[in-house]
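Start counting the sequence shown at 34; every next residue gets the next number (this note's numbering).
From the three backbone atoms N, C-alpha and C, an ideal C-beta is built for every residue, glycine too.
Given the structure is predicted, the values throughout are model-derived calculations rather than measurements.
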Amino acid sequence: MPQTTIKKKLVLLAVVITAVLIFWSSTMLQDEYRQLIGFFEKNIAERPIFSMVVFVILNVLSVMFFFFSSVWLVPVAVSVWGSLMTTLLLLAGWFLGAIFSYILGRYTGYPILKYFIPLRKLDYYRDFFAKNSSLLLLFLVRFTVPSEIPGYALGIFRLNFLKYLLITVLAEIPYAFVTVYAIGAILNKDPIVLSSIIFAWLLAVIFLAKIFYKKFSISNI
């Protein structure tokens, strides 16, 4: 499973790099983006609090539903609110989404969760967590697998809620900073900062996934 995760992230990284290069080389795309930002700035200026609440809610949904992502909103948020505020709003949404998914997993179980994520994956994690439950393992799971899976799985397995909150905070903070500041570097056309962020993130993912694989001998699912 960690090897599959690394492959998926490498493919995603290649797609992102290609998109960045196209964006940097296209004056037309940059002009269109500036017009889009102007539209959002006008509307957000009229309803600043409402806009932030909507952004947080969309990020909550992105954590709870595997088929929905709010990452496409981050460039707009960075341009309008700046990197720090966007990071805080992103973390708020992700954190709330993680809490809701945990609660849903804990109190609804399999019948409802089949509409959110594949039950085959939940069965896999149920068997896996029956044998392993260390804090290191939980952090590695939270860091290396898609964010919508651990919340439901750990809720079903009734992991201690405070322990769940701790590993969620530790795992989500790096992702939020990487996401926001990498996008900031793209918008500012700063290849050095962008390359540094991507390199550090990739090393961390590969390193932690390898530890995950070696320490717990997890096979692909």
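For a test of the three-state rule: what should DSSP assign to residue i, helix, strand or coil?
| i | result |
| --- | --- |
| G115 | coil |
| F98 | coil |
| F56 | helix |
| L192 | coil |
| E74 | helix |
| R175 | helix |
| K243 | helix |
| N221 | coil |
| G103 | First, the residue type needs correcting, since residue 103 is Ser and not Gly in the sequence shown. In this structure, S103 counts as coil in the three-state DSSP scheme. |
| R80 | coil |
| A233 | helix |
Residues in its own chain within less than 7 Å of residue i by CB, not counting five upstream and five downstream?
| i | result |
| --- | --- |
| T201 | F128, A131, R175 |
| A215 | L227, I230, I231 |
Return yes when the Cβ of residue j is within less than 9 Å of the Cβ of residue i, no when it is not.
| i | j | result |
| --- | --- | --- |
| Y185 | L124 | no |
| M85 | W114 | yes |
| L168 | K196 | yes |
| V53 | I219 | yes |
| S95 | G126 | yes |
| V111 | G188 | no |
| V213 | V107 | yes |
Rounding to the nearest angstrom, what Cα-Cα distance links residue i and residue j in this structure?
| i | j | result |
| --- | --- | --- |
| D64 | L236 | 34 Å |
| I239 | E79 | 44 Å |
| V109 | N76 | 12 Å |
| R153 | L91 | 26 Å |
| F133 | F83 | 21 Å |
| Y135 | V89 | 18 Å |
| Q68 | D223 | 21 Å |
| L117 | G71 | 20 Å |
| F98 | F194 | 21 Å |
| L192 | T60 | 51 Å |
| L198 | K243 | 24 Å |
| P207 | A233 | 11 Å |
| T51 | S58 | 11 Å |
| V48 | P183 | 25 Å |
| N221 | T141 | 45 Å |
| R139 | P81 | 35 Å |
| K66 | V87 | Reading off the sequence, residue 66 comes out as Tyr, not Lys. If I take the Cα positions, the gap works out to 21 Å. |
Can you list, in chain order, the residues of its chain with a C-beta nearer than 6 Å to that of residue i? Leave out the 5 residues immediately preceding and following it.
| i | result |
| --- | --- |
| A209 | T120, L123, L124 |
| L62 | F56 |
| E74 | V113 |
| V93 | G126, L129, G130 |
For residue i and chain E, any beta-carbon pair shorter than 9 Å?
| i | result |
| --- | --- |
| I244 | Looking for chain E here will not work: only one protein chain is present. |
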